Each structure stands twice: as C-alpha cells, then as structure tokens.
Amino acid sequence: MTTANPASATPRVVSPLRLAWLHLKFQFLETVRIPMAVIGNAVFPALAMVFFVVPQDSVAGNPQFATMAVAGLAMFAVCSASLFTYGLGVAEDRALPFDPFVRSLPAGPGPRMVARVGNGAIFTLVGLLPLIAVAWLFTSAAVTATQLAAGVGMILLASVPFVLLGMAVGYSLTAKAALPVVQVVLFPLAFAGGLFLPPMMFPAWLDTLSQLTPTRAARDLLVQALTGAPANPWAWPVLVGWTAVFAALAAWAYRRDEGRRFR
Amino acid sequence: MTVITVDGVTRRFGDVVALDDVSLDVGPGELVGLLGPNGAGKSTLLSLVSGQRRPDRGTVRLLGGDPRDAASRIGLGVTPQETGLPPTLRVGEVVDFVGGHFPAPVPTGELLDRFGLTEMARKQTGALSGGQKRRLAVALSLVGNPRVILLDEPTTGLDVGARQALWDAIRAYHADGGTVLLTSHYLEEVQALAERVVVIDHGVVRADDSLGAILRRVALRRVVLTCADDLSAWPGVARAEAVAPTAGADGGTRQSLFTPDADALVRDLVRADVDFRDLEIRGASLEEAFAEMVDADVPARLEGATR
Chain V
1 MTTANPASAT
11 PRVVSPLRLA
21 WLHLKFQFLE
31 TVRIPMAVIG
41 NAVFPALAMV
51 FFVVPQDSVA
61 GNPQFATMAV
71 AGLAMFAVCS
81 ASLFTYGLGV
91 AEDRALPFDP
101 FVRSLPAGPG
111 PRMVARVGNG
121 AIFTLVGLLP
131 LIAVAWLFTS
141 AAVTATQLAA
151 GVGMILLASV
161 PFVLLGMAVG
171 YSLTAKAALP
181 VVQVVLFPLA
191 FAGGLFLPPM
201 MFPAWLDTLS
211 QLTPTRAARD
221 LLVQALTGAP
231 ANPWAWPVLV
241 GWTAVFAALA
251 AWAYRRDEGR
261 RFR
Chain D
1 MTVITVDGVT
11 RRFGDVVALD
21 DVSLDVGPGE
31 LVGLLGPNGA
41 GKSTLLSLVS
51 GQRRPDRGTV
61 RLLGGDPRDA
71 ASRIGLGVTP
81 QETGLPPTLR
91 VGEVVDFVGG
101 HFPAPVPTGE
111 LLDRFGLTEM
121 ARKQTGALSG
131 GQKRRLAVAL
141 SLVGNPRVIL
151 LDEPTTGLDV
161 GARQALWDAI
171 RAYHADGGTV
181 LLTSHYLEEV
191 QALAERVVVI
201 DHGVVRADDS
211 LGAILRRVAL
221 RRVVLTCADD
231 LSAWPGVARA
241 EAVAPTAGAD
251 GGTRQSLFTP
261 DADALVRDLV
271 RADVDFRDLE
281 IRGASLEEAF
291 AEMVDADVPA
301 RLEGATR
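This is how it looks when you write it as structure tokens:
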C-alpha cells in the first residue's frame, strides 16, 4: 500500500451519473457474456409472430390489423422481459454473495436501478429487431419511419412501469417465490391488456376492466404511435398512475431488503 | 476521532439474537482481530459497520457518519466473499468496476501488480483458483484507497504461501496508517496480524484486550490422563474438567487438566510418583480457549471432577 493517506481523504461521492454509467457498462457485459439469455430474449417474440400471426391471412394481410398484432406482441415481449429480468433476475442477484458487497460500496440504490432500467431497454430493443424484421417481410404491417421511431420511443417509455413492478417483486421475494409470482402477474395482465387478442373482440365488461390495466394503456398508446389510431384519453393517466404505484413499491421493497443472506 | 464506533448494538434475525448489546470502538491505525466461532455474530457486526444492515437497537458510526449513507463509505474497503465474484467478468473489469465507485482509486494495473494478478487481468473470475480469488478479494478492498478495511475471513482455505502473501499485504496497508478490522476463526491468523483482539461469542463480547493479554489467557495446553486422584488442585493447573463423569471400574477417573506449561506439569507428576496412565497432551482448541475465557469470569477454577 503506497497511498493510504487518511489526511487527504475528503468525502466526495462519485457523481450519480458516472456511477449509473459504470453499472450500466458492467451489467451489459455480464448479460452479453451469457449469449443464450440474449438470443432467447430476441427470438421469442419473432417466433410468436411467425406461428400465430403470419399464418392468419385475415390478420397478416391487413396493414391495420397486422400492425396492431405486432404492437401487442412487442408489448408482451417488453412486459415479459421486464418482469422476468427484474423480478427473477434481481431476486437471484440478491441471493449471490456479490450483492451485499456491491451494497457496501459508496453508492446509493439510484445508479444501480437506473442502470438496470437502461440495460433492460437495450436488450428490449435488441429483442424487437427480429420481430420487426418478420413483420416487415411476411405481413402487410406498414409504418412510416416517423411512426417506427415514435413506436420505439413509446415502447421504451411503456416498459418503465413493468421494470419497476419487476424490481418490486425481485426485492421483496426469493427467486423461488418470484418465478410463480411473475407468471401469475404476467399472463393475466397480458391477456386482459389485449396483447394476445385485440380488445375489439372483448365483451364490454372486460373491455372496461382492460382499460384500467397498465398493459392495455401501454398497448393503446403504442398502437396510436404506430398507426395514428387515437388511444383512449385515459391511457396516459392510467399508465402514469401505475408507474407511480410501481415506483413506490419498488423503492419500498429496496429499502427494506437487506440481502437474503443471513450472516 | 474513532474510525468505527459501535455503541450498545443489538441485532436480531427472527428469534435469533445475533448481537446482544455490543459496544466496540476502533481508533485510527488500529489492527483489530475479531475472533469467534462460526455463527458468533462476527459477520453480522461487519455488515452493520459496512451499512448493509441496520441495528435493531444502538448506534453504529463509520468515520464519523452513518454507514448507511453512501458518503460515509468512501473511506471504507470491504472484501467480497470469495464465492461471490461475478463469474463472467474479467479480473481487470471487476477491479475497474469497484474502483469506479471511489473518487481516487488505485490504478487497476498497479493494484493487480501489487497482488501478483497482472497475468490474470484478462481471465474471467470464474477461472481463478481459490488462492487467486482470495487475493483479488483483498485487492478489491484496497482499490479505493480506504482509511479503514473490513476483512471477513481473508485467508480461509488458503495454503501457507498464499496466506503469508496476503498477510504481508495487510501488514503493508496497516504500516501505511490504515485501520483494519478483520474476523477469523483461526487463532493463528489473529495472532499473526492483530495488535488488539476482540473475542465474540453468541453475540456478546467476551474479551477485548491486547494480543499479548489474550494469548496469556488462551495459550493453555491440555493434559489428559487417567488417575484415581483428583488433580485439579495441582500446582500449575489452571482449570480441570472430568472427561468421564464417574470413576472407571478400576477406580481411575479420566480427566483433562489445562495448564500453561504441560512439560513442567508432567515432570512434576512423575517426580511426585503420581499413579497416572494413558497420558495425552494437546494444544487447547479455540473452543476450549473460549471456554477458558468465559470461565475466567467465574472466580476460581472448576471444583473437583464434576462440572
């Protein structure tokens, strides 16, 4: 040791922005070093498109319907990636002995959470590329460049509440408990939100219920961005409201968490 | 200013009391060994000092601040557990990552060089040997130029050479003015490094003294023999206990005698022509050393052959 110099140490935390960038860089590295995780994430929505949408001419051949189907599946991919990555991923990380070590470094929870969201967004976008390619090659789904950009922006925004919900689950439960909880939350939300079946096919009561879910709000806003079809005026307030609720839950779960390890 | 202040701290996990009203001050430049069996509460104490957990009662201060504030932890270095390094990250990357949290980190190349890890810089941590992982773990505690480091079992499971190298690194840090709080369940490790020893067991501080004073209390040999007479009051016997509660068929009682000088005791017994047999001599184990410390609070040695 050449530089343990107690006198010169001034308590000055590294800026949160630099810390967030640091965490993002290393979370990204950790993720890409396990290629299967990346590939699985990228292939699933495109496969669903190939099997469930492309063979149905009435949907695949109609630009409006095909684009809506892409929007639904893209939104499902984002929900599922967010809930699994954060719900399960965070719960698993907490069980690792490296987690308490990272918590002892001079950084608050903020930069790490921001980096998780950013890392999730990167892999969400990577996961959407094959889906967009399939939709463009094999269906009549059609968007202008502006609409595509608006759609990508929208989907990143819409992923935030699901990332936060995932974190709330991940920081409150063990990995074993997080898995079933994520599944129980994800599929009803996806179905009720019209990600699998277009909400036009819903009975009136289900449609009303559906409007209150974050998935439906996100889907409608995404469809609006991609096709110009106006979304329900309540979609924004519903999405923002759920985001606030999930953010509060995630922050609460993080604060009471002390790592899963005993002593 | 004290570097670490623990004042009246109690921490429970459900029904288990991990720490029970523990107080401990560590001043600048001290090298304190925290000695205790597994589950004694050592790691819980470290997790409170490093801000990972908060006490149920009492206060913990680190470098004058609350260890749960990130700013208080700038002058703190901690070792990750050997098994806890992210297996897919390379050695150099882990050092960059940890160092990036500190305003004035040691350059990665310099740190790796100091710990003989330069050639490993491009290897993923999952590919390192146990000894290399330990070295990396201790290196990570020093990357931020800390004023105080917490080392949790720094050399568990290492061979002699690797252990010596790590001890040298810890001594060098301390010689430069750094403060060290290290835990171990090896008496030997604490003996090699610490100037002051805190013995903790069942969440309670059992002893807090200079290394020399502690060693005088625990450096007992155990003489086990079978003899018809009760030898617990023999000169030089610090403490005795019966191995078997009752006398054997031939009238002899198996007994353990704890003494600072086993050679002298045995010579005395032989000279006095005491009729003993099946003599065994062992170093007192750490558990026995703890028992000795607890019993030291009880006036006089154990009475007779019954406990």
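Sequences listed follow chains V and D, in order. The first sequence: position 76 = 76 (this note's numbering), numbered continuously. The second sequence: position 236 = 236 (this note's numbering), numbered continuously. Every residue gets a Cβ at the ideal spot worked out from N, C-alpha and C, and that includes glycine. A quick note: this is a predicted structure, and the numbers were derived from the prediction, not measured.
Please check if any C-beta of chain D sits within less than 7 Å of the C-beta of R216/V. Here residue 216/V is taken as the residue at index 216 of the first sequence, counted from 1. Output row for R216/V: interface = no.
Shorter than 7 Å from the beta carbon of R73/D to some beta carbon of chain V? Counting from 1 along the second sequence, the entry for residue 73/D is found at position 73. Yes, R73/D lies at the interface with chain V (some Cβ there is under 7 Å from its Cβ).
For V90/V, decide whether its Cβ has a neighbour in chain D, counting only Cβ atoms nearer than 7 Å. Locating residue 90/V in the first sequence gives position 90, where the first residue counts as 1. V90/V has a beta carbon lying at 7 Å or more from every beta carbon in chain D.
Indicate whether at least one CB of chain V lies closer than 7 Å to the CB of H202/D. For the purposes of this step, residue 202/D is taken as the residue at position 202 of the second sequence. False, the Cβ-Cβ gap to chain V never drops below 7 Å.
Looking at the C-beta of P105/D, does it have a partner C-beta in chain V at a distance below 7 Å? Mapped onto the second sequence, residue 105/D falls at position 105. It does not; no Cβ of chain V falls within 7 Å.
Quick check on A253/V - is its C-beta less than 7 Å from some C-beta in chain D? Locating residue 253/V in the first sequence gives position 253, counting from the first residue. A253/V does not count as touching chain D.
Rounded to whole angstroms, what's the CA-CA distance from G144/D to R12/V? Just pull it up for me. For the purposes of this step, residue 144/D is identified with residue 144 of the second sequence, where counting begins at 1. For the purposes of this step, residue 12/V is identified with residue 12 of the first sequence, where counting begins at 1. When rounded, the distance between both Cα atoms is 12 Å.
Between which two residues does the beta strand (DSSP E) harbouring A18/D extend? Reading the second sequence from its first residue, position 18 is the one you call residue 18/D. From DSSP, the beta strand (DSSP E) with A18/D extends over V16 to V26.
In chain order, what residues of the segment 98–124 of chain V put their CB closer than 7 Å to some CB of chain D? F98, P100, F101, R103, S104, L105, P106, A107 and G108
Would a check of beta-carbon distances place P80/D closer than 7 Å to chain V? Indexing the second sequence from 1 puts residue 80/D at position 80. Judged by the 7 Å Cβ criterion, P80/D is in contact with chain V.
Where does F246/V fall in DSSP's three states? Here residue 246/V refers to the residue found at position 246 of the first sequence. Correct three-state label for F246/V: helix.
Cα separation between Q191/D and R163/D? On the second sequence, position 191 is the one that residue 191/D refers to. On the second sequence, position 163 is the one that residue 163/D refers to. Near 13 Å, if we compare the C-alpha coordinates of R163/D and Q191/D.
Taking the alpha-carbon of F117/D as reference, which of T59/D, K133/D, S232/D and G126/D has the nearest alpha-carbon? Counted from its first residue, the second sequence places residue 117/D at position 117. For the record, residue 117/D in the displayed sequence is Leu; it is not Phe. Per the Cα distances, K133/D.
Identify which residue in T174/V, A204/V, G153/V and R103/V has its Cα closest to the Cα of A121/V. Sequence index remark: in the first sequence, residue 121/V carries index 121 (1-based). Minimum Cα distance to A121/V is reached at G153/V.
What would DSSP say about F196/V, mapped onto helix, strand or coil? Stepping through the first sequence from its first residue, residue 196/V is reached at position 196. F196/V: coil per DSSP, three-state reduction.
Taking the alpha-carbon of G127/V as reference, which of A142/V, A81/V, V160/V and A204/V has the nearest alpha-carbon? As a position in the first sequence, residue 127/V is number 127, starting the count at 1. The shortest C-alpha separation from G127/V is found at A81/V.
Quick check for students: name the residue ranges of the beta strand (DSSP E) that lie wholly in the segment 144–191 of chain D, counting only runs of 3 or more. 148–152 and 179–184
Across the segment 160–172 of chain V and the segment 239–254 of chain V, are there enough close Cβ pairs to call them in contact, namely three or more that are closer than 8 Å? Output reads yes: the segment 239–254 of chain V touches the segment 160–172 of chain V.
Within 10 angstroms of its Cβ, does P271/V collect 16 or more other Cβ (buried), or is it exposed? Because chain V here runs from 1 to 263, residue 271/V falls outside it and cannot be looked at.
W21/V to G161/D span [Cα, whole Å]: Locating residue 21/V in the first sequence gives position 21, where the first residue counts as 1. Locating residue 161/D in the second sequence gives position 161, where the first residue counts as 1. Rounded to the nearest angstrom, the two C-alpha atoms are 39 Å apart.
Would DSSP call A251/V helix, strand or coil? Reading the first sequence from its first residue, position 251 is the one you call residue 251/V. Looking at A251/V - three-state DSSP - the assignment turns out to be helix.
Under the assumption that R206/D contacts I214/D (Cβ atoms under 8 Å), give the Cβ distance between them as a whole number of angstroms. Taking the first residue of the second sequence as position 1, residue 206/D is located at position 206. Taking the first residue of the second sequence as position 1, residue 214/D is located at position 214. About 10 Å; that fails the 8 Å criterion.
Nearest-angstrom Cα separation, counted from E119/D out to D208/D: The residue given as residue 208/D occupies position 208 in the second sequence. The residue given as residue 119/D occupies position 119 in the second sequence. Distance between D208/D and E119/D, taken at the CA atoms: about 42 Å.
By the three-class DSSP mapping on this structure, what secondary structure does L257/D have? Locating residue 257/D in the second sequence gives position 257, where the first residue counts as 1. Three-state DSSP puts L257/D in a strand.
Between V134/V and A74/V, is the Cβ-Cβ spacing less than 7 Å? What you label residue 134/V is simply residue 134 of the first sequence in a count that begins at 1. What you label residue 74/V is simply residue 74 of the first sequence in a count that begins at 1. Against a cut-off of 7 Å, the Cβ pair of A74/V and V134/V comes out as no contact.
F97/D - containing beta strand (DSSP E), residue span: For this step, residue 97/D is matched to residue 97 along the second sequence. No beta strand (DSSP E) contains F97/D, which is instead part of the alpha helix (DSSP H) from V91 to G99.
Classify R260/V as helix, strand or coil using the three-state DSSP reduction. By one-based count along the first sequence, residue 260/V stands at place 260. For R260/V, the pLDDT reaches just 46, beneath the cut-off of 50, and the residue's location in the model is therefore unreliable, leaving the point undetermined.
In this structure, does DSSP put A228/D in helix, strand or coil? The residue given as residue 228/D occupies position 228 in the second sequence. Residue state, collapsed to three classes: coil.
Along the segment 50–70 of chain D, what residues have a CB closer than 7 Å to any CB found in chain V? Within the segment 50–70 of chain D, contact with chain V at the beta-carbon level (separation under 7 Å) is assigned to S50, G51, Q52, R53 and A70.
In the structure shown, what three-state DSSP assignment does T88/D receive? Numbered from its first residue, the second sequence carries residue 88/D at position 88. Note: T88/D maps to coil in three-state DSSP.
Candidates A244/D, A194/D and Y173/D, of which the one nearest S184/D by Cα: By 1-based counting over the second sequence, the position of residue 184/D is 184. Of A244/D, A194/D and Y173/D, the residue nearest in Cα terms is A194/D.
Measuring only the C-alpha atoms, how far is L221/V from L195/V? Stepping through the first sequence from its first residue, residue 221/V is reached at position 221. Stepping through the first sequence from its first residue, residue 195/V is reached at position 195. Approximately 12 Å, taken between the alpha carbons.
Residues of the segment 24–50 of chain V in Cβ contact with chain D at a cutoff of 7 Å, in chain order, please. F26, L29, E30, R33 and I34
Three-state secondary structure (DSSP) of S210/D: In the second sequence, the residue the question calls residue 210/D occupies position 210. Residue state, collapsed to three classes: strand.
Starting from V138/D, follow the beta strand (DSSP E) in both directions and report where the run begins and ends. Your numbering for residue 138/D matches position 138 in the second sequence. V138/D -> not in any beta strand (DSSP E); alpha helix (DSSP H) instead, spanning G130 to L142.
Would you report the Cα separation of P35/V and V6/D, rounded to the nearest angstrom? Reading the first sequence from its first residue, position 35 is the one you call residue 35/V. Reading the second sequence from its first residue, position 6 is the one you call residue 6/D. Whole-angstrom Cα-Cα distance: 46 Å.
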